[in-house]
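Here's the structure, in structure tokens; my notes come after.
Number of protein chains: 2
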Amino acid sequence: MVSIEDVARRAGVSTATVSRALSGNGPVSAKAREKVADAANALGYVVSSSASSLASGRTKNVGLMVPYLARWFFTAAVEGAQQALMRHGYDVTLYNLSGGTAERDSVFEVSLQRQRIDGIIAIALELSPQESATLHALGKPVVGVGGPLEGIRTLTLDDIAISRLATEHLLSLGHTRIAHMGGSETYDLDFHIPTNRRVGYEMALREAGIEPKPEYFSGADFTIEGGYHAAKQLLGDPRDRPTAIFAAADEMAIGCILAARDLGLVVPRDISIVGIDGHELSAFFGLTTIAQYPGAQGEHAVDILLNELRPGKHAEVPENIPLDYDLIVRSSTARPPE
Amino acid sequence: MVSIEDVARRAGVSTATVSRALSGNGPVSAKAREKVADAANALGYVVSSSASSLASGRTKNVGLMVPYLARWFFTAAVEGAQQALMRHGYDVTLYNLSGGTAERDSVFEVSLQRQRIDGIIAIALELSPQESATLHALGKPVVGVGGPLEGIRTLTLDDIAISRLATEHLLSLGHTRIAHMGGSETYDLDFHIPTNRRVGYEMALREAGIEPKPEYFSGADFTIEGGYHAAKQLLGDPRDRPTAIFAAADEMAIGCILAARDLGLVVPRDISIVGIDGHELSAFFGLTTIAQYPGAQGEHAVDILLNELRPGKHAEVPENIPLDYDLIVRSSTARPPE
DNA sequence: ATGAAAGCGCTAACAA
DNA sequence: TTGTTAGCGCTTTCAT
């Protein structure tokens, strides 16, 4: 192992100068800087993270916390954040909460206590008050992406606004029999997004003078398969069948498209479908959707976090930062049948 | 921050005893062990990873390296490995190679050199000789999952055997006009799996006395969309249309199913389709497939790695470890039309 | 079985 | 601008 001493010797300076030259902290003459750079290069020297962390209290490592990984949104957000962190010389420790309760607890009580990280990006997490407290007690900056976290700076979609937009898109096409597919009850217990999306949907309807009907609401589990089965139910009954479905997520919306096809309905002639997400499969299925950008969201979270990590002047950042979204109109929506 | 000294004082022992008691290395009396445990608990003490790493040379951290994240297989493998590592008290650092060349190089030349990890699990990676050398030079154990890595202990699917099995399944149903959808040329340049799968397919055909036809091969990019377009091509020409397609991955196979539907073909009456993977969507689409188990593969890799990390007696592990797979017959395959 | 003490490789006062 | 040096919090010899 090549150490800072080897570099110092080779460059003909002290270890302190090497440290300063390589980290950019503290004054170093141009000449010394160059000698150090040459020596470090020649020897292939890289600072030992543990020694550096121990001495400085900074780890150059950020924790990425996700409820689970195997879903488009989380993966994309992690990927975006990780790329951005790497560009800034940070490593990434992955904390995945998808295990059992015991594993989840041990993340908070053990893993996070190991002083391995300078800060945390919490992706689409819903935390218990207990867990929130533990996070705060770490005394390290935390930035959330999605899933509003109490007292934590968080990037959030305006779920009500996007649901209104989706619903208004359908209304503007002339639809009046608009169903909504949201979260099923159990799913919603620890996740508020579905509720907010339903609220936006109902607001838009009422503003158009339409009273939302309970029969036009259907709960599913945010998967293609769940959306498929729920849509069969919604569309199978020929009496008073809706002419449009607004699904709270693209995966369910894709399930709706497939169900409609299997029922012999032509999208969008017989039924219009809108989703939310801009999922990687949405273009392929011609799905009209409200796109959000998890990769960019991850990068954005990194910017905010690194800004807080930088000593001194912190740019003022509000507690809730609204995220970008776009209505992408494709071929799954059209005017309702006569 | 509560340090080992605080614990030592509270337990009325030396820091050395605390270290030994908590780590389980070295002799400690039952009484001392208990006093230490109580004190540590009461104070909520957790060892500082950097101090421990610096002193011991062990980081209790493993690197997970993936070519990219946003694909079912990689995500599932990472999730499996990460859960297993957590159970053993290890943290996970994620190295994602999906950025540009510069980022990729910096993973090898910088990130991996930071002494942050005890070992590496390389998931479905194809490495340049250069990169392999760098990995080896780290002097740390490496275990591969998929993608045969020279000189590295690797868990691999027998791609030839599974392709033969898939093809033989179709042959046994009576099919003779069997097409194969594999990787397109560019895709294959740095990834050998598609080639091996094609080899298995051709072997099975020849053994059945059928000469593989070039028109029955189609290259795509391993996505649903790519599979869809390639299948349109394969199935659109009514002259001498194949009665079955063996796709080298479920996502392409799902694309084939959707393409067949759009062409008015009924699966499996008019066309049989087999995939490989056991993708999360395969059950929903009724796809017959050869399932593999990335989550279990990740866990398995962890077992092997941790075994090498354990001092002393290493169970003998061969360089190539074959992985489990199963033929799952669903509703996308049947006897060919008369 | 336990404690004293010497590092592990680096950073950051402080002095020059 | 540079070097000297005292830690950072832990592990691990070496005595006892």
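Quick note, the sequences are listed as chains W and Y, same order. Using my numbering, the letters of the first sequence correspond one by one to residues 47 to 384. Using my numbering, the letters of the second sequence correspond one by one to residues 47 to 384. Beta carbons: idealized from backbone N, C-alpha and C, even for Gly. In this text, all values refer to a predicted model and were calculated from it rather than measured experimentally.
Unbroken beta strand (DSSP E) run spanning residue i, endpoints
i      : result
Y:D372 : D372 to I374
W:G229 : I224 to G229
W:M111 : N107 to V112
Y:G199 : The question names Gly, but residue 199 of chain Y in the sequence shown is Arg. Per DSSP, Y:R199 belongs to the beta strand (DSSP E) from R199 to T202.
Y:S264 : F263 to A266
Y:I367 : N366 to P368
Cβ pair residue i, residue j closer than 8 Å
i      : j      : result
W:F6   : W:A168 : An answer regarding residue 6 of chain W cannot be provided, because it is not within the stretch 47 to 384 covered by chain W.
W:S144 : Y:S96  : no
W:G197 : W:S174 : no
Y:I322 : Y:I336 : yes
Y:W118 : Y:H325 : yes
W:V48  : W:L68  : no
W:A290 : W:C302 : no
Y:A85  : Y:A62  : no
Y:A305 : Y:A329 : no
W:L141 : W:G109 : Sequence check: residue 141 of chain W is Tyr here, not Leu. A contact, by the Cβ cut-off of 8 Å.
W:Y91  : W:V124 : no
Y:I163 : Y:N71  : no
W:L280 : W:A225 : yes
Y:A266 : Y:M227 : yes
Candidates the options: closest to residue i by CA position
i      : options                           : result
W:I208 : W:M249, W:R223 and W:H221         : W:M249
W:A343 : W:L369, W:I166, W:I303 and W:T241 : Position check: residue 343 of chain W holds Gln in this sequence, whereas Ala was assumed. Comparing Cα-Cα distances from W:Q343 to each of W:L369, W:I166, W:I303 and W:T241, the minimum goes to W:L369.
Y:Q128 : W:V48, W:L373 and W:A116          : W:A116
Y:L201 : Y:D372, Y:V363 and Y:T61          : Y:V363
Y:T180 : Y:D286, Y:R162, Y:L195 and Y:F154 : Y:F154
W:S264 : W:G255, W:E257 and W:R244         : W:R244
W:L203 : W:G358, W:N366 and W:P288         : W:N366
Y:N242 : Y:P288, Y:A295, Y:I350 and Y:G310 : Y:A295
Y:H134 : W:N353, W:V138, W:H134 and W:S152 : W:S152
Y:D103 : Y:A78, Y:G165 and Y:G126          : The residue you asked about is not Asp; residue 103 of chain Y is Gly in the sequence shown. The residue with the shortest Cα to Cα distance from Y:G103 is Y:G165.
Y:E253 : Y:S218, Y:L89 and Y:R287          : Y:S218
Y:Y339 : Y:P314, Y:I374 and Y:G332         : Y:I374
Y:M111 : Y:D372, Y:P260 and Y:V348         : Y:V348
W:D372 : W:E257, W:L351, W:M298 and W:D205 : W:D205
W:I317 : W:R381, W:A266, W:L351 and W:K81  : W:R381
W:T147 : W:Y274, W:P113 and W:Q159         : W:P113
Y:L470 : Y:E51, Y:I319, Y:G341 and Y:E384  : No information on residue 470 of chain Y is available, as it lies outside the stretch 47 to 384 that chain Y covers here.
Y:G272 : W:F331, W:P357, W:K77 and W:G341  : W:F331
Y:R356 : Y:N87, Y:S65, Y:L216 and Y:K186   : Y:K186
W:R199 : W:K259, W:L351 and W:R79          : W:L351
W:R376 : W:T269, W:A212 and W:F268         : W:A212
Y:T222 : Y:L251, Y:D308 and Y:V74          : Y:L251
Element boundaries [alpha helix (DSSP H), containing residue i]
i      : result
W:T241 : I239 to E253
W:I270 : I270 to G282
W:D289 : This sequence places Thr at residue 289 of chain W; Asp is not what is there. Segment: none, W:T289 is in no alpha helix (DSSP H) and carries neither H nor E.
Y:S65  : T61 to S69
W:E51  : I50 to A57
Y:R79  : A76 to L89
Y:E214 : D205 to S218
Y:A97  : S95 to S102
Proximity test, residue i beta-carbon vs the ligand GTP heavy atom, cut-off 7 Å
i      : result
Y:I208 : You won't find the ligand GTP in this model; it holds no ligand whatsoever.
*Mind pulling the beta strand (DSSP E) runs of 3 or more residues that sit fully within the segment 120–188 of chain Y?*
Unbroken beta strand (DSSP E) stretches of 3 residues or longer found wholly inside the segment 120–188 of chain Y: 137–142 and 165–169, given in chain order.
*When Cβ atoms are compared, which residues of the segment 73–98 of chain W fall closer than 9 Å to chain Y?*
Only those residues of the segment 73–98 of chain W whose C-beta falls short of 9 Å from the nearest C-beta of chain Y are listed: G90, Y91, V92, V93, S94, S95, S96, A97 and S98.
_Taking beta-carbon pairs under 9 Å, can you tell me which members of the segment 112–123 of chain W lie near chain Y?_
Within the segment 112–123 of chain W, the residues whose Cβ lies closer than 9 Å to any Cβ of chain Y are, in chain order, Y114, L115, A116, R117, W118, F120, T121 and A122.
*Check distances from the C-beta atoms of the segment 249–271 of chain W to those of chain Y and list, in chain order, the residues that come in under 8 Å.*
Of all residues in the segment 249–271 of chain W, I270 and E271 have a Cβ within less than 8 Å of some Cβ in chain Y.
*Return the residues of the segment 323–351 of chain Y that lie within a Cβ-Cβ distance of less than 7 Å from chain W, sorted by chain order.*
For the segment 323–351 of chain Y, the set of positions with a beta-carbon nearer than 7 Å to some beta-carbon of chain W reads L327 and F330 in chain order.
*Can you list the beta strand (DSSP E) stretches of 3 or more residues lying completely in the segment 301–359 of chain Y, in chain order?*
If only uninterrupted beta strand (DSSP E) runs of at least 3 residues are considered, those enclosed by the segment 301–359 of chain Y are 318–323 and 334–337.
*Could you please tell me which residues of the segment 127–153 of chain Y, in chain order, have their CB closer than 9 Å to any CB of chain W?*
Cβ contacts with chain W: Q128, Q129, M132, R133, G135, D137, V138, T139, L140, Y141, N142, S144, G145, E149, S152 and V153.
_Against chain W, which members of the segment 52–66 of chain Y pass a CB distance test of less than 7 Å?_
Sequence-ordered contacts of the segment 52–66 of chain Y with chain W are nonexistent [C-beta pairs closer than 7 Å].
*Of the residues that make up the segment 157–186 of chain Y, which ones have a beta carbon closer than 8 Å to any beta carbon in chain W?*
Answer in chain order: S157, Q159, R160, Q161 and R162.
_Residues of the segment 200–211 of chain W whose Cβ lies closer than 9 Å to any Cβ of chain Y, in chain order_ = Cβ contacts with chain Y: none found.
*What residues in the segment 284–318 of chain Y have a beta carbon less than 9 Å from any beta carbon of chain W?*
Listed in sequence order: G301, L304 and R307.
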